[in-house]
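Novice: These protein sequences, in sequence, are chains A and B. Residue 126 in my numbering is what sits at position 126 of the first sequence, and the numbering runs on without skipping anything. Residue 8 in my numbering is what sits at position 8 of the second sequence, and the numbering runs on without skipping anything.
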Amino acid sequence: MRYVSALRILGAVALTAVPAFASGGGGEIADPAHGWDVLWEHVLLDLFIIGGLFAVVAAYWLFKYRADSPTEVGTGPTLTRAQMFGWTLIPAFIFMADDFYLAANGWTLWNTYRTVPKDALEVKVTASMWSWSFEYDNGATSDVLKVPAGRPVVLRMTSEDVVHSFFLPKHRVKEDVMPGRVTYLWFYPKEAGKTYVTCTEFCGAQHAEMNADVEAIPAEEFNTWLASAGAKAAPAAAGEQPATAPGSAL
Amino acid sequence: MKEWIFTTDHKRVGILYLIGSMAAFAVAGIMALLMRAEQFNIGLGVASEPTQYNTWLYFHGAAMILGFLIPGLTGFAANYLIPLMIGAKDVAFPRLNALSLWLFWMGIVVALLTFVIPDAPDIMWTGYPPYSVKTAGNTAFYVFTVHLIGFSSILGAVNFLTTIIYMRAPGMGWMQMNVFVWSLFTGLIVQLVFVPVLAAAVTLLLFDKYLGTHFFDAAAGGDVLLYQNLFWFYSHPAVYVIFLPAMGLLFEIISTNAKNRPFNYNALIVGMCGIVLITGEVWVHHLYTSGMPDWIRIGQMVTTLMISVPVGVMVISLWGTLYKGAITFNTAMYYGVSCLFLLLLGGLTGIPLAMTALDLHLSETSFIHAHFHFIMGIFAAFVVFGSVYFYFPKMTGRMCNEALGKLSFWLNFIGVNVTFWPLFIIGVKYGMPRRYYDYARIPEAVPYHHVATFGAVLVALGITLMLVNWIYGAIKGPKAPENPWRSASLEWTHAASPPPHGNFPAPVTVSSDWTPYNYK
């Protein structure tokens, strides 16, 4: 039973060494990107503990049990039935405990990612080979995703041709965009700044170039821009001739 | 020459599988070098246009998985070793075996036509529609490659399962089989169940593209996600068709070189069977960002994480085999030990990917690229290389050069780490997407790509030296002793090196206390 008790101790150490998961974000809107960073660090620590433990044991045994003579044979233990079960079930339960711990924390963050805050700005996204286009409530369209800083943004996305994937590396979120379905994701641009969206589902020759600017601008500036872009789009939407040369309004 | 082409001897079939899969590996490896050269800097480099890069990428993935990893393990290793390990004269259906080899070689030839036909396939090894239907690329060649190699796999699976069930030496119980035989038994069940699903999926692709059906055409009532579900319903289990035999072979190498029987053999077998049970319930982790319903993404996060339970039991068994061993370090063991490290690295980096929420950033980045290269590509490839060194005296009756073997090992091992560690980092840090020939938005990633490309050159050098060692050893190597590693398994104790057609001089029987791991 020596091995069983040794394993028990190892298991207890492994479990207590993994710190409790602190919930991400203290503000009113939980930012999934922040939650991602926090969870990532915990998972990384978890992996380093497990990996480190196994690596050290392997390295030590490889050194300690190297053969002294070419005719030597190993003297590994023959297990009793109880030891067999012990060495199977106890590690299985430890791994399972860690799995459930990770799954629970992963699920919590998942709920943050998938629950769109109430006052989120909605933008329609259409993907096509190889560009992104964005359409706002008032009919304004743009090939730059302009959003107001400090307000969550939800994207309702579809594709005109093949499967694409909308990836915002800075906000640590992506979701596929495909013909015949509408998918969504939301992100939280807390402060004004520029980033980009890029395609991460293989879509042909220009797949690597299928990216667009994402600009978070102060709310007032955004409202002004949206109103003017909407006004330009309105006549076209009503079926009238655009006031300016075709294409220039976009 | 004729007796090799028309052979039904499982050992020759095995060696021909090895040659075919190494040829696929070499060409796919050259594609990898070209891609690393292209990614060396921002902007178009060695590729004349982006589609050329995409064709390299297609060939690299398809050839490495369908042409090297699966045939290397379930073709070469299975063919050469299974009948010898269970004390049989040959496989159950030798002519069926020859047919499966021919189909495999035809698959390789059709795959190589990529470089000859106009409009080569550019659809990745995954072939997702609607792109694969809309592209000007020749999707049919992808479909035919899958058909040929898939059919070859199905025939091989039927053959080996029958062989293992019915042709074991008199007296050999199930719990006296080599771990490799068990790993193949479980792996081939997975193969037999899931390969037809892939064949069906790509056939529908063929119908959509060339016969005008609309299975995957949303505008006509089809569904693009149907293909992804079918594809991964096969292709995740395919990972275990690679992983299980690789683990089995690794146990043979580690156990023999540590002169220790596999620790907790029974639990190890239960672990392998556990993988068979769980493998069909995890495919959605390839579709975490594909717009699947939330409930199934969460459900399969749990099943995916649960894979750590059977794998963990197998890992404990592997580690335990070292305990109180008498360990010797030859080239095969160098590969074996490095696989312990690769298993930890590749396996543990799969855990964040199993977590749906973390996958929203990590999927389709170079993090995932590095993860599956370590666990599926490099781990399994190193096992195949190690096993060639390990069984080299058996196959050829000659020895390889150990010094050259170890030198090329270090080049390979250092090379793969130098190549893929930077990709882990830029995947997390910058979200560097995979499958990009260019990355103008991420200039910070340039130095990392420089390092990765340098690593790939080291691997190329290591592989070249390894091949030189094998070819020279097979022709000019010193004569091998009958049982150079002092193995207790039947292929070493009861058969000559190399074994003649029919394998054993007299029918083999084993006693009830015999195991392939009774080292003396």
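All C-beta atoms in this analysis are idealised placements derived from N, C-alpha and C, irrespective of residue type, glycine included.
Cutting at 7 Å between CB atoms, please list the residues of its own chain near N138 of chain B, excluding the five before and the five after it.
Specialist: Taken in chain order, the residues that qualify are I117, D119, A120 and P121.
Novice: Applying a beta-carbon distance threshold of less than 8 Å, which residues of chain B neighbour R156 of chain A?
Specialist: Those within 8 Å of R156 of chain A in chain B number zero; the least Cβ separation is about 12 Å.
Novice: Label W110 of chain A either buried or exposed according to how many other C-beta atoms from any shown protein chain fall within 10 Å of its C-beta, with 16 as the threshold for buried.
Specialist: Buried, because 16 or more other Cβ atoms sit within 10 Å of the Cβ of W110 of chain A.
Novice: Within this structure, are the beta carbons of Y559 of chain B and M124 of chain B separated by less than 7 Å?
Specialist: In the structure displayed, chain B extends from 1 to 520; residue 559 of chain B sits before or after that span and is not available.
Novice: Alpha carbon to alpha carbon, what distance is there between W130 of chain A and H450 of chain B?
Specialist: The straight-line gap from Cα to Cα measures roughly 28 Å.
Novice: How big is the Cα-Cα spacing for L268 of chain B and H373 of chain B?
Specialist: If I take the Cα positions, the gap works out to 25 Å.
Novice: Taking P310 of chain B and I351 of chain B to be in contact with their CB atoms under 8 Å, please state how far apart those CB atoms are, rounded to whole angstroms.
Specialist: That belief does not hold up - the Cβ atoms of P310 of chain B and I351 of chain B are roughly 15 Å apart, past 8 Å.
Novice: Is DSSP giving R66 of chain A helix, strand or coil here?
Specialist: Note: R66 of chain A maps to strand in three-state DSSP.
Novice: Specify the secondary structure class of M157 of chain A as computed by DSSP and reduced to three states.
Specialist: Looking at M157 of chain A - three-state DSSP - the assignment turns out to be strand.
Novice: I want to check one thing, is the minimum distance from the CB of F341 of chain B to the heavy atoms of the ligand ATP below 6 Å?
Specialist: The model on display carries no ligand, and the ligand ATP is accordingly not part of it.
Novice: For F114 of chain A, which of helix, strand or coil comes out of DSSP?
Specialist: First, the amino acid is wrong: residue 114 of chain A is Arg here, not Phe. Helix, per DSSP.
Novice: Quick one: using the 10 Å Cβ neighbour count with 16 as the cut-off for buried, is N159 of chain B buried or exposed?
Specialist: N159 of chain B is buried by the Cβ-count criterion.
Novice: So that I know if they touch, is there some Cβ in chain B lying closer than 7 Å to that of A30 of chain A?
Specialist: False, the Cβ-Cβ gap to chain B never drops below 7 Å.
Novice: Within a Cβ cutoff of 6 Å, which residues of the same chain sit near H164 of chain A, ignoring the five residues on either side of it in sequence?
Specialist: So the qualifying residues of the chain are A127, V177, C199, E201 and C203.
Novice: Is any beta-carbon of chain B found at less than 7 Å from that of G24 of chain A?
Specialist: Caution applies to G24 of chain A, whose pLDDT of 42 falls short of 50 and renders its modelled position unreliable; the value that the coordinates give is listed next. No, because no Cβ of chain B sits closer than 7 Å to the Cβ of G24 of chain A.
Novice: Helix, strand or coil for F166 of chain A? Go by DSSP, reduced to three states.
Specialist: Correct three-state label for F166 of chain A: strand.
Novice: For R12 of chain B and S308 of chain B, what's the separation of their Cα atoms in angstroms?
Specialist: Computed Cα separation, rounded: 37 Å.
Novice: May I have the straight-line CA-CA distance separating F187 of chain A from A219 of chain A, to the nearest angstrom?
Specialist: Rounded to the nearest angstrom, the two C-alpha atoms are 16 Å apart.
Novice: Between T145 of chain B and chain A, is there a C-beta pair that is closer than 7 Å?
Specialist: Not an interface residue.
Novice: V302 of chain B to S387 of chain B, Cα distance in whole Å?
Specialist: Looking at the two C-alpha atoms, the distance is approximately 34 Å.
Novice: Where does the unbroken alpha helix (DSSP H) through I254 of chain B begin, and where does it stop?
Specialist: Segment V224 to A258, the alpha helix (DSSP H) holding I254 of chain B.
Novice: Who are the near neighbours of T141 of chain A in its chain, counting only those whose CB is closer than 8 Å to its CB and skipping five residues on each side?
Specialist: Excluding positions up to five away in sequence, the list reads S133, F134, E135, A229, A233 and L250.
Novice: Please name the residue in B:Y391, B:V446, B:L44 and B:T349 whose C-alpha comes closest to that of I15 of chain B.
Specialist: Cα-wise, what sits closest to I15 of chain B is B:Y391.
Novice: Measuring alpha carbon to alpha carbon, tell me which residue in B:V133, B:L204, B:P130 and B:P71 is nearest F151 of chain B.
Specialist: Among B:V133, B:L204, B:P130 and B:P71, the Cα nearest to that of F151 of chain B is on B:P71.
Novice: Give the interface partners of G75 of chain B over in chain A, defined as CB-CB distance under 8 Å, in chain order.
Specialist: Under the 8 Å cutoff, chain A gives no residues; its nearest Cβ is about 29 Å from G75 of chain B.
Novice: Can you find a CB in chain A that lies within less than 7 Å of the CB of T515 of chain B?
Specialist: Output row for T515 of chain B: interface = no.
Novice: Pairing CB atoms from the segment 239-257 of chain B with CB atoms from the segment 199-207 of chain B, are three or more of them under 8 Å?
Specialist: No, because fewer than three Cβ pairs between the segment 239-257 of chain B and the segment 199-207 of chain B fall closer than 8 Å, the two stretches do not touch.
Novice: Alpha helix (DSSP H) containing K132 of chain A: first to last residue?
Specialist: The sequence shown places Trp at residue 132 of chain A, rather than the Lys named in the question. That residue, W132 of chain A, is in no alpha helix (DSSP H); its beta strand (DSSP E) goes S131 to E135.
Novice: Strictly by DSSP, which residues pair up with D251 of chain A?
Specialist: Since the displayed chain A opens at 1 and closes at 250, residue 251 of chain A lies outside it and no answer follows.
Novice: Suppose you measure from the CA of V190 of chain B to the CA of Y234 of chain B; what does that come to, to the nearest Å?
Specialist: Whole-angstrom Cα-Cα distance: 9 Å.
Novice: Would you mind giving the Cβ-Cβ distance between M395 of chain B and P478 of chain B, rounded to the nearest angstrom? I have them listed as a contact below 8 Å.
Specialist: The pair is not a contact, with the Cβ atoms about 15 Å apart (cut-off 8 Å).
Novice: Cβ atoms of M157 of chain A and V125 of chain A: under 7 Å apart, would you say?
Specialist: Yes, the Cβ-Cβ distance between V125 of chain A and M157 of chain A is below 7 Å.
Novice: Would DSSP call K479 of chain B helix, strand or coil?
Specialist: Of the three classes helix, strand and coil, the one that applies to K479 of chain B here is strand, per DSSP.
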